[in-house]
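Here the structure is laid out as structure tokens; the discussion comes afterwards.
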Amino acid sequence: MSDEITTDETRPPTHRTDRASDVPAPHAPAASVWLTRLVVVGLFLAALNLRPAITSLGALLEDVRDGLHMSGSVAGVLTSVPPACFALFGFAAPRLARRFGPGAVVCAGMLAITAGLVIRPFAGGTAAFLAASALALMGIAVSNVLMPVIVKRYFPDRVGTMTGLYSMAVALGTALAAAATVPMAEALGGGWRTGLGIWVVPAVVAVLPWLFLVRDRTAAVAPAARPESTADATPVPSLTRSPTAWAMACFFGLQATGAYITMGWMPQRFRDAGISAGTSGLLLAVIMVMGVPLAFVIPRLATRMKQQGPIVVALGVCGLIAIGGLYVAPVGGAWLWAVLLGVSNCSFPLALTMIGMRSRSGAGVVRLSAFVQSTGYLISIPGPLLVGVLYQHSGGWGLPLTLMAALLVPQMAAGVVAGRDRTIEDESRVRD
Numbered sequence: 003m004s005d006e007i008t009t010d011e012t013r014p015p016t017h018r019t020d021r022a023s024d025v026p027a028p029h030a031p032a033a034s035v036w037l038t039r040l041v042v043v044g045l046f047l048a049a050l051n052l053r054p055a056i057t058s059l060g061a062l063l064e065d066v067r068d069g070l071h072m073s074g075s076v077a078g079v080l081t082s083v084p085p086a087c088f089a090l091f092g093f094a095a096p097r098l099a100r101r102f103g104p105g106a107v108v109c110a111g112m113l114a115i116t117a118g119l120v121i122r123p124f125a126g127g128t129a130a131f132l133a134a135s136a137l138a139l140m141g142i143a144v145s146n147v148l149m150p151v152i153v154k155r156y157f158p159d160r161v162g163t164m165t166g167l168y169s170m171a172v173a174l175g176t177a178l179a180a181a182a183t184v185p186m187a188e189a190l191g192g193g194w195r196t197g198l199g200i201w202v203v204p205a206v207v208a209v210l211p212w213l214f215l216v217r218d219r220t221a222a223v224a225p226a227a228r229p230e231s232t233a234d235a236t237p238v239p240s241l242t243r244s245p246t247a248w249a250m251a252c253f254f255g256l257q258a259t260g261a262y263i264t265m266g267w268m269p270q271r272f273r274d275a276g277i278s279a280g281t282s283g284l285l286l287a288v289i290m291v292m293g294v295p296l297a298f299v300i301p302r303l304a305t306r307m308k309q310q311g312p313i314v315v316a317l318g319v320c321g322l323i324a325i326g327g328l329y330v331a332p333v334g335g336a337w338l339w340a341v342l343l344g345v346s347n348c349s350f351p352l353a354l355t356m357i358g359m360r361s362r363s364g365a366g367v368v369r370l371s372a373f374v375q376s377t378g379y380l381i382s383i384p385g386p387l388l389v390g391v392l393y394q395h396s397g398g399w400g401l402p403l404t405l406m407a408a409l410l411v412p413q414m415a416a417g418v419v420a421g422r423d424r425t426i427e428d429e430s431r432v433r434d
């Protein structure tokens, strides 16, 4: 399926003003252009705020531990909270979107992120800090799931371009928070509380466009109250019986595992090889920033191909080369391995793009996005913890790097299956 295919359900508001906005029909063209531009801005700002709550904490984790007298085991649990929250709260997103509309739910998600980031710097103990972090992560979780839905809803003929835009914004926010949190905290003369608190500002800005999009409640309208299109009339099949849905979930979960291992452990790998802490941080920033240009290119390329398997394999091979290099020459080729790891991590925008291509209807994309991301994040939880166990008990990087390489093999296999030119509705008709 290509991103040029449109349906009545997912046609942009320019053509569906009776369902996509409350503006009267005579003024629809101007209103639709304004609304579309607002959605573009809202998508970019929302995506920019989907990772700073996580990576800003990673940059200051040691200071937070000391400040809150947090034990090492609790700190270890803290690193596994993001995927756990993404899995738990992601399952709630489709039901919320059906009842209130995707725009309203994303707006609530941005408000939750803002509230969590406001409360967290003032936490006086570990429990309050974890609760504030969970609040922010809850907002991230529902917004994660609904980003592909918003794209499918407003830009069905530009799925690759718009997925690339918000994926690029996610990568940019990730890299900025990782690289700038400590320098900004030092420049402002504050400690870890200041470093975490500064990310409230972009979160507040991200709320503003979604306040205007709350009224878009297309997904919340009862079926009897609106005409059904051919695509939307097709029942969404059970995803637990869909090979494509399971392949997508495994691919998403395994790429997320690699990403969290990279974010959490690569600086330590470089430092253990004798590279300074500052340079190790820059190497991590290189890994993250590679996602900025490639997150825009890869989705556009993916939507021009009938099958995305070749891209999946190419990204996986880059990861295998980088992991091998980290084992045999971690210092001499450090910058090259960082670049290749960054390329490999771009499986994330590819997975998001395929979510939008594997269903014919907006309702199908909602359910598929929730299933793939929630199940995928559940799959990703043990990976970073297992790397830590292997690193601690083996005293070296041989076993952790072997695990990372081994995980790439099923990731590529699942991605090839997920990248086949079919939809979940096609599979349902075959079974019937």
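Everything in the sequence shown is counted per this note's numbering, starting at 3 for the first residue and increasing by one. For glycine and all other residues, C-beta sits at the position ideal for the given N, C-alpha and C. Bear in mind the structure is a predicted one, so any value in this text is a computation, not a measurement.
(1) Three-state secondary structure (DSSP) at Gln-413?
(2) The alpha helix (DSSP H) that contains His-71, what's its start and end?
(3) Using C-beta distances below 6 angstroms, list every residue in its chain close to Thr-196, excluding the 5 sequence neighbours before and after it, in chain order.
(4) Grab the span of the alpha helix (DSSP H) containing Trp-436 for me, first residue to last.
(5) Going by other Cβ atoms of all chains shown within 10 Å of its Cβ, with 16 needed for buried, is Arg-306 buried or exposed?
(6) Distance, Cα to Cα, Gly-344 vs Phe-350?
(7) How would you write the range of the alpha helix (DSSP H) that Leu-210 sits in, first residue to last?
(8) Within the same chain, show all residues whose beta-carbon is closer than 8 angstroms to that of Trp-267, passing over the 5 residues directly before and after it, in chain order.
(9) When the distance is taken between beta carbons, is Ser-371 closer than 8 angstroms to Val-147?
(10) Since Ala-304 and Met-356 are thought to touch, with beta carbons under 8 angstroms apart, how far apart are those beta carbons, to the nearest angstrom?
(11) Expressed to the nearest angstrom, what Euclidean distance is found between the alpha-carbon atoms of Arg-471 and Pro-185?
(12) Assuming Tyr-168 contacts Gly-255 under a Cβ cut-off of 8 angstroms, what Cβ separation, rounded to an integer in Å, is found between them?
(13) Return helix, strand or coil for Met-307, following the three-state DSSP convention.
(14) Give every residue of the same chain whose Cβ lies closer than 7 angstroms to the Cβ of Val-107, excluding the five residues on either side of it in the sequence, and list them in chain order.
(15) For a test of the three-state rule: what should DSSP assign to Trp-399, helix, strand or coil?
(16) At what residue ranges does the region 37-113 contain a whole run of the alpha helix (DSSP H), taking only runs of 4 or more?
(17) Which whole-angstrom value is the C-beta distance of Val-151 and Pro-104, which I expect to be below 8 angstroms?
(18) Less than 7 angstroms between C-beta atoms, sequence neighbours within five positions excluded: which residues of the same chain meet that for Ala-249?
(19) In chain order, what are the residue ranges of uninterrupted alpha helix (DSSP H) at least 4 long that sit wholly in the region 127-181?
(20) Please report the straight-line C-alpha distance between Ala-171 and Leu-47, rounded to a whole angstrom.
(21) For Ile-323, name the three-state secondary structure that DSSP assigns.
(22) What does a CB cutoff of less than 8 angstroms around Phe-91 pick up in its chain, not counting 5 residues either side in sequence?
(23) From what residue to what residue does the alpha helix (DSSP H) around Ala-336 run?
(24) Can you have a look at Gly-334 and say buried or exposed, based on whether 16 or more other CB atoms are within 10 angstroms of its CB?
(25) For the alpha helix (DSSP H) that contains Phe-350, what are its first and last residues?
(26) By the DSSP assignment, the alpha helix (DSSP H) with Leu-256 in it spans what residues?
(27) State yes or no: is the beta carbon of Ile-357 nearer than 8 angstroms to at least one beta carbon in chain D?
(28) Roughly how many angstroms lie between the CA atoms of Pro-211 and Lys-308, to the nearest whole one?
(29) Out of Gly-166, Ala-261, Arg-302 and Val-120, which has the shortest C-alpha to C-alpha gap to Gln-413?
(30) Assign Glu-427 to buried or exposed, taking buried as 16 or more other Cβ atoms, counted over all protein chains shown, within 10 Å of its Cβ.
The short version:
(1) Looking at Gln-413 - three-state DSSP - the assignment turns out to be helix.
(2) DSSP places His-71 in no alpha helix (DSSP H); its state is neither H nor E.
(3) For Thr-196, same chain residues with a beta-carbon under 6 angstroms away, outside a window of 5 residues either side, are Ala-187 and Leu-190 in chain order.
(4) The structure shown does not extend to residue 436, since the chain is modelled only from 3 through 434, so no value can be given for it.
(5) Under this definition Arg-306 is an exposed residue.
(6) So the alpha carbons of these two residues sit roughly 11 angstroms apart.
(7) Start and end: 202-215.
(8) Within its own chain, the residues whose Cβ lies closer than 8 angstroms to the Cβ of Trp-267, once the five positions on either side in sequence are excluded, are Pro-386, Val-389, Gly-390, Tyr-393 and Pro-402, listed in chain order.
(9) If you check the CB distance, Val-147 and Ser-371 come in under 8 angstroms.
(10) 7 angstroms between Cβ atoms; contact.
(11) The structure shown does not extend to residue 471, since the chain spans only 3 to 434, so no value can be given for it.
(12) That belief does not hold up - the Cβ atoms of Tyr-168 and Gly-255 are roughly 20 angstroms apart, past 8 angstroms.
(13) The answer is coil: DSSP assigns Met-307 none of H, G, I, E or B.
(14) Result list for Val-107: Ala-95, Leu-98, Ala-99, Val-144 and Leu-148, in chain order.
(15) DSSP places Trp-399 in coil when its eight states are reduced to three.
(16) The qualifying runs are 54-61, 63-70, 74-92 and 95-102.
(17) Rounded, the Cβ-Cβ distance is 5 angstroms, consistent with contact.
(18) Within the same chain, Ala-249 has close Cβ partners Ala-416, Val-419 and Ala-420.
(19) Here the runs fully enclosed are 128-156.
(20) Each residue's Cα considered, the two are about 8 angstroms apart.
(21) If DSSP states are grouped into helix, strand and coil, Ile-323 belongs with the helices.
(22) In chain order, Leu-139, Met-140, Ala-143 and Val-144 place their CB closer than 8 angstroms to the CB of Phe-91, counting only its own chain and leaving out the 5 sequence neighbours on each side.
(23) In the DSSP annotation of this structure, the continuous segment of the alpha helix (DSSP H) that includes Ala-336 starts and ends at 336-346.
(24) By the neighbour-count criterion, in which 16 or more other beta carbons inside 10 Å mark a residue as buried, Gly-334 falls on the exposed side.
(25) Run containing Phe-350: 349-359, per the alpha helix (DSSP H) assignment.
(26) Residues 245-274.
(27) No chain D is part of this structure, which consists of one protein chain only.
(28) Pro-211 and Lys-308: Cα-Cα distance of roughly 35 angstroms.
(29) The residue with the shortest Cα to Cα distance from Gln-413 is Ala-261.
(30) Buried is the call here.
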